[in-house]
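Residues 6 to 470 (our numbering) make up the sequence shown, in order.
The next block holds one structure in the form of structure tokens; read it before the comments.
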Amino acid sequence: MQKGLVWFRRDLRLHDHAALASAISSCDEVHCLFVFDPEILSKLEDKNDARVQFIHDSLVEMQNQASIEVRYGDPKKEILAYCQEHEISDVFTNRDYEPMAKERDQAVKEALSSKNIKFHTFMDSVVYEAKRTLKDDGTPYKVFTPYMKRWLSVLAEDGFEVANYQCDLSKIVKTKNSINSKDWMKEVGFHSCKPHLEAGTQAAKKQLEAFKKKISDYTIMRDFPAADGTSMMSVYIRHGNISVRDLVRAAQSGSTEGHHKWLSEVIWREFYQYILDQFPQVEKQAFRPAYDQIKWRGGKKELEAWKNGETGFPIIDAAMRCLKATGTMPNRLRMVTASFLCKTLLVNWREGEKWFAAKLLDFDLAANNGGWQWCASSGVDAQPYFRIFNPYSQSKKFDPDGIFIKTWCPELSNLDEKSIHAPHELLPMEQQLAGCVIGQEYPAPVVDYAKKRVEALAMYKQALG
Ligand SMILES: Cc1cc2nc3c(=O)[nH]c(=O)nc-3n(C[C@H](O)[C@H](O)[C@H](O)COP(=O)(O)OP(=O)(O)OC[C@H]3O[C@@H](n4cnc5c(N)ncnc54)[C@H](O)[C@@H]3O)c2cc1C
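Listed below in structure tokens is the structure:
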């Protein structure tokens, strides 16, 4: 009798799952395992981290359908021990492209192989890996548009269909230590909390269905933070409550410009996974090495004001407060706040990358690093360094009535749509009348945007020659 073990990581679902489907089709008995890894958890400083709760809640949902063994410890040891306890001959898992995960998986593979246990890995968290999306000369693309063209031509070669792995759960055996067997949040050193988005496949599918009703407006609405015009799928994709192929099928459910644009965003995600896989050095270095020579002039005061949403720039403060409170931030504002940190506050983008990594519910090393290096101009296909988002005009353009600003900066509630983007420009009397005295109820701008723009260009130029 062949017994297989499926090791779940960032793929917390029981449908359209490459590793699970393969275990089911090739084994007589299938065991499922999730390991809370202290190496990862110990790096999370906030013991109310909603992402741990999100994982916990995803496992609770999975446990309602099939039995998942839960353990806490070094995955290599836990997997080996489980295999030996249950005479498992084959372990199945989906590939992860982060450098640390690759190293971990190699160590697991070697430990298993020393005991004659096979380790099978599968492509699942992306639609296409690099082997199908390299250039004709065998090297990786570094520019998005040609990469996307190649990606779409591979989709065409496959008859415009992506796999849908069927998973008959009847072979999954009952295990002892389920997510319900104890208070796992406490066991792994975290407090219970309530993530801003409900975890699990059901919630993900519901959200996706709701988004499909408005996807045709995506191109127009996606940049307006108050409009709720994007899918909110990133959190579910990050934890694997839904498959990336589910997203492609959703994008293929119609042919409006919105459907095409949304698919291109899903391909941006693939692009950054591909970049991290092919150029793992980006985790620690600028993709363009010269950008590591920049002498950043901003300091702790500016960084703290940015993190806490107290810069005196309403659109920035609203976005940063939203991030802190919910773990989410719309893409347009991620671009604006990231650009603001490095090109207006002149603070090293690595500090911002770290803060986003600590706070984002959808934190993903590849997308976060890609997004930051794009904004800092140091990355693949990044915006040129002299392109600097003006926080005032971005605010006027994308939150014209100040609705998003007022949601997160209630002290600005009485300001009209003309003054809300730059309240420090109001006369003292007008500030009094609006109940928002600058320097008291709301901070004065921490820097002068126009001056910093000039300084940023000089700072970049000095390093880049
Ligand atoms: C500085 C910065 C940091 C970022 N950090 C992350 C991160 O840690 N995790 C993360 O998932 N995304 C990150 N992004 C990308 C993007 O902001 C989010 O994916 C998007 O806001 C998620 O919202 P949504 O699901 O409603 O997106 P939608 O607009 O509905 O897009 C659909 C899906 O496409 C993918 N996607 C969309 N835009 C991008 C993009 N620019 N790069 C990569 N994938 C994209 C996501 O998986 C998203 O769920 C970052 C962007 C920037 C500029």
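All C-beta atoms, glycine included, are put in the ideal place defined by N, C-alpha and C.
For E34, the enclosing beta strand (DSSP E) starts and ends at 34 to 41.
Annotation: the continuous alpha helix (DSSP H) that includes K359 extends over 354 to 364.
DSSP places E103 in the coil class of the three-state scheme, outside both helix and strand.
DSSP, read as helix, strand or coil, puts R326 in helix. Rounded to the nearest whole angstrom, the C-alpha separation of Q399 and M226 is 15 Å. Looking only at T316, Q207, F284, the smallest Cα-Cα distance to L370 is reached by F284. Per the coordinates, the alpha-carbon of E103 lies some 14 Å from the alpha-carbon of A362. In terms of CA proximity to A455, F394 leads the group R14, F394, Y465. A contact between stretches requires three or more CB pairs, one per stretch, nearer than 8 Å, and the region 381 to 395 fails this requirement with the region 410 to 422.
Counting the other CB atoms within 10 Å of its CB gives M434 a total below 16, which places it among the exposed residues. Taking 7 Å as the cut-off, the beta carbon of M237 is found no closer than this to the beta carbon of Q278.
Ranked by Cα distance from A295, the first of M464, L38, V113, D54 is M464. Straight through space, the alpha carbons of L202 and V193 are spaced by roughly 22 Å.
Remark: C-beta atoms of A310 and T316 approach each other more closely than 7 Å.
Taking a contact to require three or more Cβ pairs closer than 8 Å, the region 134 to 143 and the region 42 to 49 do not qualify as touching.
In the same chain as R76, and ignoring 5 residues on each side of it, the C-beta atoms closer than 8 Å to its own belong to L38, F39, V40, F41, E83, Y87, N182, in chain order. Secondary structure at E446: coil, using DSSP grouped into helix, strand and coil. Placement of the Cβ of D367 at a distance of less than 6 Å from at least one heavy atom of ligand 1 is found. With distances taken between CA atoms, G332 lies nearest to D54 out of F13, R18, S31, D54.
Under DSSP, T126 takes part in a beta bridge, and its partners are T98. DSSP places E262 inside the alpha helix (DSSP H), whose first and last residues are 262 to 283.
When the beta-carbon positions are compared, F149 and F292 stay at least 7 Å from each other. Leaving aside the five residues that flank G263 on each side, the residues in its chain whose CB is nearer than 7 Å to its CB run, in chain order, I220, S221, D222, Y223, T224.
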